[in-house]
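Numbering (mature numbering (1 follows the signal peptide of the UniProt record, and there is no 0)), first residue to last: -24 to -1, 1 to 458.
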């Protein structure tokens, strides 16, 4: 397959979800060029294609805004998904992010080229089928934790189910299932809200609850985030549990057992989030939504449960979450990203790796965490770029002094090697090569060293790069290499 490129940028961002958009906006605000590679046909595809109609954000709007653009005062405190998507469209337009997007690009590999001091990213244009190569000084992994739907393999007979089985990413509205018996597998936020929507819409909903969970209200959870500013997490968890008991009573009576650890502790240290109640609990108490144990087997349309009971269902909705695919294409990194595709290092030092590698939104802290990551990453890259520009000036001055330096020897000729400092690579390597050039003054070897400083203003109608100096040393045959 013929490969196009390499296309160069200071920063390549993989993923155009909230983390990718926030990082790109912060870089644009600092006048640093970037390219965003996105597999889907639009930015923020999770919010556009994988959310259900009745969804409202579970946290107040002040915790759900991206850097540099707050929500307007007139916006509701808990935003409906349609309003949030409009906010993202406004955000993209405000910072000119659509011109940075390369849509329908599947990233197959990304690896750091030590010799060149750059990241090499191999991608495929899914529209044309053409292979493309991108190169960048910095690589930001912003694919998020919801990259690919998880279809469980531990439900016996699921592949033989004679009804309709879908992942929750394909669920839009309970109205489509009016009058049907629907089983929701998965009791996280998506599963609980889908079950509630189904019941509201006239479906007969049941939900499989296999693990303990914390159920909270929006108000209690929002209050807890305020308390976290002044109180330790363990104490705030105790406050949450006390308030939840006052509000919900003993949830165990209805099959909803609470974990032994507090909700904030679990969110911080595991993939388990508290379930924000949107009316599901009242329907469980009234019997409109049935809570059932694990599935033992599926025969035709009949689902057999661990308690020996069985029930016929028309539809099974798998609210079983998502997984990251980062480790499939990110090569050579054993420091920043763990095997689960999430940040390997502990908060708050989780976002920065080695060789210009960063991750945004991979620490399970929601939109608020993506915002903090984006600001940190943009600040760090900005400082790095500034230091490179400073190094460039030092190397340029040194080069002018040494230009056309010629040393002769007493016996015969030895060729004409060159050191060329140009676009790409490491300024420190250039300086280290120039420094020992004076050592040839008394050498027996005749050598001519020509230092050519070249700073290119790369322009492209496609990418509109800002001029950036990226020094690189290429040594001709016979020249000394440091």
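For every residue, glycine included, the Cβ atom is placed at its ideal position computed from N, Cα and C.
Going by DSSP, what residue range makes up the beta strand (DSSP E) through residue i?
i: residue 180; result: 180 to 184
i: residue 278; result: 278 to 281
i: residue 220; result: Premise fails: residue 220 lies in the alpha helix (DSSP H), 209 to 224, not in any beta strand (DSSP E).
i: residue 258; result: Not the beta strand (DSSP E): residue 258 falls in the alpha helix (DSSP H), residues 256 to 262.
i: residue 303; result: Looking at the DSSP string, residue 303 is not in any beta strand (DSSP E); the run it does join, the alpha helix (DSSP H), is 302 to 305.
i: residue 333; result: 333 to 335
i: residue 98; result: 94 to 101
i: residue 233; result: Segment: none, residue 233 is in no beta strand (DSSP E) and carries neither H nor E.
i: residue 143; result: 140 to 143
i: residue 114; result: 107 to 117
i: residue 272; result: 271 to 275
i: residue 267; result: 265 to 268
i: residue 11; result: 10 to 13
Apply the 10 Å Cβ neighbour rule to residue i and answer buried if 16 or more other Cβ atoms are within range, or exposed otherwise.
i: residue 323; result: exposed
i: residue 403; result: Unreliable placement is indicated for residue 403, whose pLDDT of 37 sits below 50; no coordinate value is reported for it.
i: residue 142; result: exposed
i: residue 37; result: buried
i: residue 3; result: buried
i: residue 14; result: buried
i: residue 180; result: buried
i: residue 165; result: buried
i: residue 309; result: buried
i: residue 415; result: Residue placement at residue 415 is poorly supported in this model, since its pLDDT is 38, which falls under 50; the coordinates are not used for a value here.
i: residue 127; result: exposed
i: residue 42; result: buried
i: residue 63; result: buried
i: residue 211; result: exposed
i: residue 469; result: What is shown of the chain runs -24 to 458, which leaves residue 469 out entirely.
i: residue 233; result: exposed
i: residue 347; result: buried
i: residue 271; result: buried
On the DSSP letters alone, give me the boundaries of the alpha helix (DSSP H) that residue i sits inside.
i: residue 172; result: 165 to 176
i: residue 201; result: 194 to 203
i: residue 59; result: 57 to 70
i: residue 81; result: It is not in any alpha helix (DSSP H) - residue 81 instead sits in the beta strand (DSSP E) that spans 81 to 89.
i: residue 25; result: 21 to 25
i: residue 241; result: 239 to 245
Whose C-beta lies closer than 7 angstroms to the C-beta of residue i among residues of the same chain, with five residues either side of it excluded?
i: residue 306; result: 86, 117 and 313
i: residue 151; result: 177
i: residue 257; result: 191 and 224
i: residue 26; result: 145
i: residue 51; result: 37 and 59
i: residue 101; result: 80, 81 and 108
i: residue 248; result: 242
Helix, strand or coil for residue i? Go by DSSP, reduced to three states.
i: residue 5; result: helix
i: residue 460; result: The shown model of the chain, from -24 to 458, leaves out residue 460, and the question about it has no answer.
i: residue 340; result: coil
i: residue -19; result: strand
i: residue 293; result: strand
i: residue 361; result: helix
i: residue -1; result: helix
i: residue 288; result: strand
i: residue 367; result: helix
i: residue 30; result: coil
i: residue 315; result: coil
i: residue 39; result: helix
i: residue 356; result: helix
i: residue 76; result: helix
i: residue 134; result: helix
i: residue 351; result: helix
i: residue 153; result: helix
Which value, in whole angstroms, describes the spacing of the CA atoms of residue i and residue j?
i: residue 125; j: residue 145; result: 7 angstroms
i: residue 134; j: residue 71; result: 46 angstroms
i: residue 10; j: residue 352; result: 16 angstroms
i: residue -22; j: residue 287; result: 55 angstroms
i: residue 7; j: residue -10; result: 20 angstroms
i: residue 243; j: residue 250; result: 7 angstroms
i: residue 264; j: residue 120; result: 35 angstroms
i: residue 365; j: residue 90; result: 20 angstroms
i: residue -8; j: residue 17; result: 12 angstroms
i: residue 283; j: residue 160; result: 17 angstroms
i: residue 58; j: residue 19; result: 15 angstroms
i: residue 398; j: residue 88; result: Any reading at residue 398 must be qualified, since the residue scores a pLDDT of 34, below 50, and its modelled position is unreliable; no value is offered.
i: residue -14; j: residue 23; result: 24 angstroms
i: residue 185; j: residue 105; result: 43 angstroms
For residue i, collect the residues of the same chain with a Cβ closer than 6 angstroms to its Cβ; drop the 5 residues on either side in sequence, then sort them by chain order.
i: residue 56; result: 32
i: residue 238; result: 213
i: residue 358; result: 6
i: residue 290; result: 139, 156 and 157
Under 8 angstroms Cβ to Cβ from residue i, same chain only, skipping five residues before and after it: list those, please.
i: residue 138; result: 276 and 277
i: residue 440; result: Its pLDDT being 29, under 50, residue 440 is placed unreliably by the model, and the measurement read from it follows with that caveat. Only 9 and 75 meet the Cβ criterion.
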